[in-house]
Amino acid sequence: RYPLYKRVCRRVSVTNPHDLELGPDLFERLKQMTQPSHPESGSPAVAMTVHRGHELRKMKKFRFQLLHQWLVEHLEPGRVADIAGGKGLLAYLLQRSGWPATVIDPVNQALPDKYKDITTGKRVKIPPTERVPHLDRPFEPALAAEFDLLVGLHAHGCNALVIDAATRYGCGFVLFPCCVIDEPFYPPLGVQWLESVTAYALWQGHTVYPFRLNFKGQNIGLFGPGRCRLRPAPV
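Residues 881 to 1115 (our numbering) make up the sequence shown, in order.
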């Protein structure tokens, strides 16, 4: 395992894994891998959309707004843990949409002072008095007991832990895996990291849906519904 770890680290040192955009071939493989786990046709989750092909690709900095939009379109509000959530913009946007959201991150950062509303195209100021709940500690599975959905958007070293927690407590998860650093296992040679994370979730008994968001970089997400309540698919 150690030589493989060194090879991965050299690659990451040259290219930020967040910036690596993974191609349609991998996305198709993920869909084929996860298809046997899906319920019969007609389930609301089966109709979940990927990014809209006619739209221009957005910059990576808009990933929080895009994921917020995806969550509110596909799921009913629930208690969200934003793992390694940084400045807490995703949690803030979810709070404004009526979702209880908490950032779990050992580094407590202030909210940004503004963000761009991708629906209106306007900049929105965040008052300096605004706060989001924050647990100043690394994520561990026991923390998931109070949440319905665990979100890891490029959360280093947390993907396997999130899947373990979802298995133990029945919550859903949304993961955008980016690199293998600090994870308990590595992909075999010739296997992409997202395939390994997907296989691990399937091995734990989860239903998994891959989806894509319309931003540059690693934009493939893995959704495990758990006990999340899904919105009806649009007719």
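Ideal placement from N, C-alpha and C gives every residue a C-beta, glycine not left out.
Rounded to whole angstroms, what's the CA-CA distance from residue i to residue j? Just pull it up for me.
i, j, result
"V960", "H1036", "18 Å"
"S917", "G1104", "10 Å"
"H931", "F1056", "Residue placement at H931 cannot be trusted, given a pLDDT of 49 that sits under 50; the coordinates are not used to answer."
"S893", "I1061", "Low confidence applies here, because S893 scores a pLDDT of 38, under 50, leaving its location unreliable; read the following figure in that light. Their Cα atoms are separated by approximately 12 Å."
"L1029", "A964", "14 Å"
"G1001", "A1024", "35 Å"
"R1107", "C1058", "25 Å"
"F944", "A1113", "23 Å"
"I1043", "L906", "21 Å"
"R1003", "W1073", "36 Å"
"C889", "I998", "Caution is warranted here: a pLDDT of 34 is assigned to C889, below 50, making its placement in the model unreliable, and no coordinate value can be reported."
"M939", "P919", "34 Å"
"D985", "C1038", "11 Å"
"P904", "E1075", "13 Å"
"V1077", "L1069", "14 Å"
"G1097", "L969", "19 Å"
"E908", "W1083", "19 Å"
"E1010", "P992", "10 Å"
"L946", "C1051", "22 Å"
"E953", "V1031", "16 Å"
Please state if the CB of residue j and the CB of residue i are separated by a distance shorter than 9 Å.
i, j, result
"A1081", "V1071", "no"
"V1012", "A971", "yes"
"A990", "K1005", "no"
"P1064", "A1040", "yes"
"W950", "L1093", "yes"
"H948", "L910", "no"
"H1086", "A1022", "no"
"N1099", "L955", "no"
"F942", "K996", "yes"
"S977", "P1008", "no"
"F1027", "Y1049", "yes"
Thinking just about the alpha-carbon of each residue, which of the options is nearest to the one in residue i?
i, options, result
"M913", "L1102, C1108, G1106", "L1102"
"R1017", "P1112, T982, L946", "T982"
"P1090", "W1083, F1053, Q975", "F1053"
"L1033", "R1048, F1095, L910", "F1095"
"W979", "D962, Q1084, L1015", "D962"
"V987", "Q915, E1010, H1014", "H1014"
In the DSSP output, which residue or residues are listed as bridge partners for residue i?
i, result
"D962", "V983, V1031"
"Y972", "Its beta-bridge partners do not exist; DSSP assigns none."
"H948", "In the DSSP output, where bridge partners are listed per residue, H948 has none listed."
"G1037", "For G1037, which the question treats as bridged, DSSP gives no partner whatsoever."
"H954", "Looking at the DSSP assignment, H954 forms no beta bridge with any residue, so it has no partner."
"H1014", "V983"
"V1042", "For V1042, which the question treats as bridged, DSSP gives no partner whatsoever."
"R1092", "I1100"
"L1023", "L1023 pairs with nothing; no bridge assigned."
Does the CB of residue i have a neighbour CB from chain C at under 9 Å?
i, result
"V1060", "No chain C appears in this structure, which consists of one protein chain only."
4 or more residues per run - each alpha helix (DSSP H) lying fully within the region 1062–1089: 1073–1083
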